[in-house]
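Note sheet for the following structure.
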Amino acid sequence: MYLGASNQRPRRGIFWRRLLLILVLLLISALSAMVVYFLSTKDQLDAELITPGISAPVTIKFDEHALPHVLAASQEDAWHTLGFLHATERPWQMEFNRRLASGKLSEILGKDTVAIDKFIRTLGIRRAAEKQYENYPIEYKRHIQAYVDGVNEGFARLGWALPPEFMILGVKPGNWGPADSVAWSLMMALDLGGNWHKEFLRLEMSATMSTEHIWQALPPYPGEAPATSVDFAKMYRDLGLFKEKPAAKTKSSGTDSRQEHAQKEDKKEKDFLNFLPGGSEGIGSNNWAIAGNKTVSGKPLLANDPHLGLTTPAIWYFAHIQAPKLNVIGATLPGIPGVVLGHNTQVAWSFTNTDPDVQDLYIEALDPNNPGQYKTPKGFENFVLREETIAIKGQEPLKFLSRETRHGPVISDAYQRAQDLINTDKFAISLRWTALEVGNQTLKAGFQMNEAQNLEEFKSALKNYHSPMQNVVMADKDGQIAYRAAGVAPKRTKGKGLFGTAPALGWDAQYDWGPYFGKDDLPKETNPSSSFIATANQRVHTANDPHPLTTDWHMPYRHQRIEQLINATDQHDVASMKAIQADALSLSAVDLIPLLQAANSTHKYASDAKNIIANFDGKMSVDSAGATIYNAWAHQSTRLMFADKLGKSFAIEYGKRDFRSGLHHIMKMHQAGNTQAAFWCDKPSTPEVETCESIIDEAFTLALEDLSKRMGGSPQSWKWGEVHVAVSEHRPFSKVSLLKNKFEITRPTPGDAFTVNLGFMDLGNASNPFTVNKAASMRAIYDLSNLDQSQFIYQTGQSGWVNNRHYSSYANAWAKQEYVPLTMNPSKIVHTSVLKPDLSIAAENKKRLEKEAKEIKRK
-6 MYLGASNQRP RRGIFWRRLL LILVLLLISA LSAMVVYFLS TKDQLDAELI TPGISAPVTI
54 KFDEHALPHV LAASQEDAWH TLGFLHATER PWQMEFNRRL ASGKLSEILG KDTVAIDKFI
114 RTLGIRRAAE KQYENYPIEY KRHIQAYVDG VNEGFARLGW ALPPEFMILG VKPGNWGPAD
174 SVAWSLMMAL DLGGNWHKEF LRLEMSATMS TEHIWQALPP YPGEAPATSV DFAKMYRDLG
234 LFKEKPAAKT KSSGTDSRQE HAQKEDKKEK DFLNFLPGGS EGIGSNNWAI AGNKTVSGKP
294 LLANDPHLGL TTPAIWYFAH IQAPKLNVIG ATLPGIPGVV LGHNTQVAWS FTNTDPDVQD
354 LYIEALDPNN PGQYKTPKGF ENFVLREETI AIKGQEPLKF LSRETRHGPV ISDAYQRAQD
414 LINTDKFAIS LRWTALEVGN QTLKAGFQMN EAQNLEEFKS ALKNYHSPMQ NVVMADKDGQ
474 IAYRAAGVAP KRTKGKGLFG TAPALGWDAQ YDWGPYFGKD DLPKETNPSS SFIATANQRV
534 HTANDPHPLT TDWHMPYRHQ RIEQLINATD QHDVASMKAI QADALSLSAV DLIPLLQAAN
594 STHKYASDAK NIIANFDGKM SVDSAGATIY NAWAHQSTRL MFADKLGKSF AIEYGKRDFR
654 SGLHHIMKMH QAGNTQAAFW CDKPSTPEVE TCESIIDEAF TLALEDLSKR MGGSPQSWKW
714 GEVHVAVSEH RPFSKVSLLK NKFEITRPTP GDAFTVNLGF MDLGNASNPF TVNKAASMRA
774 IYDLSNLDQS QFIYQTGQSG WVNNRHYSSY ANAWAKQEYV PLTMNPSKIV HTSVLKPDLS
834 IAAENKKRLE KEAKEIKRK
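Numbering (this note's numbering), first residue to last: -6 to 852.
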């Protein structure tokens, strides 16, 4: 036996040596493959490339901040090059967005995105885009097609070494078409339009609440009465619209399991709502222009910071595009040709969301004898039916029929929350939305804005702007400042019908849309006597206007603060504009702080916390403990006031909206001695009758308990920046724990939902309700005395490649409210690329363009 064992030892040694050798070889192969991959994905920004889609050489110079400066011999070549840059710098973002707008995410992400795909297919985003593109004038079709060709050329140029997202998911970039660019503009309109969400929320609340209480929880604009006197909650209940609730079961018959199931369903609906663009109170913006008589230079200054969902990579990509009759620099949207926000050689412009009511929900009554028909003012009509097929990774495809009425798509077929709410055997819910109309040619307006040679030409271009409606504040080198509400919206009369505040009866002609606002009837202003113009999603009409664009304006706190800061300085410069953009004083907090200062608690840290709050002035700076305690108290106050009363509606919506307007409204009722506030302060889940004072105290205690667990230490150490962290979400890898930290970009940030330097929180996020998911998606300041002194910043970096140093190169500056130059004449160029045409193809293109030019001239 001894001899046998000794004979086996050499064999075992040989086996282990061979295994080790194999492992070493595999490791070397893996490392070699990684080296080859990273070398292949390394920026090749100093190169000459043959590009079939252009007619003449194009030079791309990258400055030290990775901003490309494109010089082209024609506009088509310029837009082709922008498409090329978008595709090579942001390939995964482009692919994800194309699939999102087309309802094709599930093909690569599986069952988790089927609900989103089904909803987008039901809306018909891609179908509407195709119809809209067909109606574009040929010269703008040429621009779009040139951009599209550049995108596809850029994708092809990537070769096998794609960004990690493609490699991990095992996919390649798909073909980009003209309708994909139009579709992405519609997705932006969907993101910036939220009225239908609020209509649905009022409908959902009507199942259990009175109209009066709904108007208290979702109050009208401060100082205004509700836009309608219709008792819509009673109207819906009398109609028998709502699904009957199952009889309550005893605990022994499974109440706990039913509650767990309900919580899981609520979470699914919340996740769906968070993924679906639109309906968030954090979506907005600030912009203001100051005339030369209030500036140091004697020329206007213009500022803009759009508040959008934070993503990695960022929604914006900055570029400078120069070609005959075109010289423009600023923020572009990957997927869309043109500079959306920026300046040319004469005019600078900025956007904020007007947020008009351009979406209406309609209750459609089904024919009891024929469910394929619905009721109209003239009798029953057939639904328009379309068969859709969603490919699902790892599963069989899903086939379904989408329905459409005279108003638009039947969204209740693709919205589980609606199916849980209404009796779908008798009713359906459809959506009318201006952005889906065939006459939408917003990209045409964008091209014309880029080309405008003066302010009047720019204003004229805005008349072709359709969706989403924007507050456009602009300034020119001649010293003018101006404002225009640009877009289309139905003209409503306040006090008539429902005024778009809640779903209308689809068979009643009084709720049909009438004519739209005339272009000259929309709000506008030029060179006002105040010497400045500012918008921040507040009401842009006079209070007594009988035809407001909506009554669901944002609360006016940001606008009030901007006006305060503009008026506080006699002569402004770029530095003072930066200070306004960085301002973190919350006028909302200023209104509510006295209630917190009067709160009492037996918590061990109550005394310390009260000392901090006694000196808290409402400034939400990152090093403020007062900001942390105040926001935790406001969060708990909101939950105590609304969670039980609103039930499922609150569980799903809280986070996408903060219900702070309702908290303000009810607290003001309480302070004024209005007994109706007592309804909201008494919790139905307890036998005691709570008062508003006890709710304020309880919220204080709950806030201290939560912060003690969450942050540890004493209240003095609870710095706002430790929990108020801006998270730029990566889709889809923010949902993957192993990849999340690699692909996400996070930075502490000041502010709250009401500061000029906005930091809107995901308050429904149990792990950290103070996480910021909407903030300034970029900041820009334009100096009309010398436009090359303009500056910008945003929260990530120019590159969409996670291994690129420009993936997050702007993040620290953004968090510190710093900027980089936005100049057409950079002092330092670090890379130069040249795109050269394929001469045979270029000759063919030249003939085609000459033929099209003759056709345009003939028409």
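Ideal placement from N, C-alpha and C gives every residue a C-beta, glycine not left out.
According to DSSP, simplified to helix, strand and coil, what is residue i?
| i | result |
| --- | --- |
| VAL333 | coil |
| PHE492 | coil |
| ALA536 | coil |
| MET817 | coil |
| ASP781 | helix |
| THR243 | Confidence at THR243 is low in this model, with a pLDDT of 46, below 50, so its placement is unreliable and the value that follows should be read with caution. Coil, per DSSP. |
| LYS57 | Looking at the sequence itself, residue 57 is Glu, so the reference to Lys does not match. Coil. |
| PHE89 | helix |
| GLY6 | helix |
| THR81 | helix |
| MET467 | strand |
| LEU832 | helix |
| ARG858 | Because residue 858 is not part of the residues shown, which for the chain are -6 to 852, the question remains open. |
| TYR476 | strand |
| GLN352 | strand |
| ILE385 | coil |
| SER721 | strand |
| LEU266 | helix |
| TRP426 | strand |
| TYR214 | coil |
| ARG650 | strand |
| LEU13 | helix |
| LEU98 | coil |
| VAL51 | strand |
| ASN346 | strand |
Any idea if residue i is buried or exposed, counting beta-carbon neighbours within 10 angstroms, 16 or more meaning buried?
| i | result |
| --- | --- |
| PRO317 | exposed |
| SER617 | buried |
| SER246 | Low per-residue confidence applies at SER246: pLDDT is 49, beneath 50, and the placement is therefore not dependable enough to give any value. |
| HIS540 | exposed |
| VAL175 | buried |
| TYR(-5) | Because the pLDDT at TYR(-5) is just 38, under 50, the model does not fix this residue reliably, and the value given afterwards should be weighed accordingly. That one is exposed. |
| ILE161 | exposed |
| LYS244 | A caution first: LYS244 carries a pLDDT of 47, below 50, which makes its placement in the model unreliable, though a value can still be read off. The residue is exposed, with fewer than 16 neighbouring Cβ atoms inside 10 Å. |
| LEU456 | The sequence shown places Lys at residue 456, not Leu. Exposed. |
| LEU354 | buried |
Starting from the Cα of residue i, find the closest Cα among the options and give me that residue.
| i | options | result |
| --- | --- | --- |
| ASP513 | ARG477, PRO213, PRO483 and PHE525 | ARG477 |
| LEU656 | LEU179, ILE207 and LYS829 | ILE207 |
| TRP153 | LEU515, ARG532 and PRO166 | PRO166 |
| TYR874 | GLN441, VAL567 and GLN709 | Because the chain in this structure spans residues -6 to 852, residue 874 falls outside the shown range and cannot be described. |
| GLY752 | ASN758, GLY744 and ALA759 | GLY744 |
| ASP699 | PHE785, THR621, GLN784 and GLU450 | THR621 |
| LEU832 | LEU13, GLY46 and LEU38 | GLY46 |
| GLY493 | ILE283, GLY187 and THR825 | GLY187 |
| ALA627 | SER614, SER581 and VAL403 | SER581 |
| VAL340 | LEU455, ASP353, LYS470 and ASN320 | LYS470 |
| ASN145 | ARG91, LYS735 and ALA479 | ARG91 |
| SER826 | ASP56, ALA94, GLY365 and PHE736 | ASP56 |
| TYR803 | LYS733, ARG740, SER569 and GLN553 | ARG740 |
| GLY335 | ASP576, ASN443 and GLN409 | ASN443 |
Which one or two residues does DSSP pair with residue i in a beta bridge?
| i | result |
| --- | --- |
| MET704 | DSSP output for MET704 lists no bridge partner at all. |
| ASN797 | ASN797 pairs with nothing; no bridge assigned. |
| PRO402 | GLU397 |
| THR519 | ALA475 |
| ALA602 | ALA602 is not bridged to any residue. |
| GLY372 | THR369 |
| ARG876 | An answer regarding residue 876 cannot be provided, because it is not within the stretch -6 to 852 covered by the chain. |
| ILE738 | SER721 |
| ALA341 | HIS336 and ALA468 |
| MET754 | VAL765 |
(request) Jot down the residue ranges of each uninterrupted alpha helix (DSSP H) in the segment 528 to 580, minimum 4 residues, whole runs only, in chain order. (result) Here the runs fully enclosed are 550 to 560 and 567 to 574.
(request) May I have a chain-ordered list of the beta strand (DSSP E) segments no shorter than 3 residues that lie completely inside the segment 268 to 339? (result) As far as the segment 268 to 339 is concerned, its whole beta strand (DSSP E) runs of at least 3 residues are 277 to 283, 294 to 302, 310 to 316, 319 to 325 and 334 to 336.
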